[in-house]
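S.K.: Residue numbers (my numbering): 263 to 375.
Quick one: structure below, then a few questions.
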């Protein structure tokens, strides 16, 4: 839904049955964009079939790469970007099944100097 001024009052994105509702800034209601406040308090994580393809598509649409896709210790390949509105997205797909114990071992290993 769009106001006469062009400001978006309500939009929905569907991710395989999960709906994300969003709108433009409405300072009069305390709704400000991540770009306006200069930060974002959240990272939206999206689990997909092919993170490389999704990230490439986002970059072509104007997103800025934060972390190129790479294999992670927790069994996922993922990368992150900021969309044109300043929201951070982490997009990933599974590459292996990792037990909780193995995940902790790998995580501890990454923290060693």
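Note that beta-carbon positions come from the ideal geometry of N, C-alpha and C, so glycine has one too.
DSSP on residue 334, reduced to helix/strand/coil?
M.R.: Three-state DSSP puts residue 334 in coil, outside helix and strand.
S.K.: So which of 369, 349, 371, 342 has the shortest CA-CA distance to residue 329?
M.R.: The shortest C-alpha separation from residue 329 is found at 342.
S.K.: Have a look at residue 220 and residue 294 and give me their C-alpha separation to the nearest angstrom.
M.R.: Not covered by the structure: residue 220. The range shown for the chain is 263 to 375.
S.K.: Okay, do the region 314 to 322 and the region 281 to 294 touch, 3+ Cβ pairs below 8 Å being the bar?
M.R.: No, the region 314 to 322 is not in contact with the region 281 to 294.
S.K.: Would you kindly report the start and end of the unbroken alpha helix (DSSP H) that includes residue 297?
M.R.: Start and end: 296 to 299.
S.K.: For the ligand FAD, is there a heavy atom less than 7 Å away from the beta-carbon of residue 291?
M.R.: The ligand FAD is not among the ligands present in this structure, which contains no ligands whatsoever.
S.K.: Should residue 322 go down as buried or exposed, given a rule of 16 or more other Cβ atoms within 10 Å for buried?
M.R.: Residue 322 is exposed by the Cβ-count criterion.
S.K.: When you compare only the Cα positions, how much space is there between residue 366 and residue 355?
M.R.: Whole-angstrom Cα-Cα distance: 19 Å.
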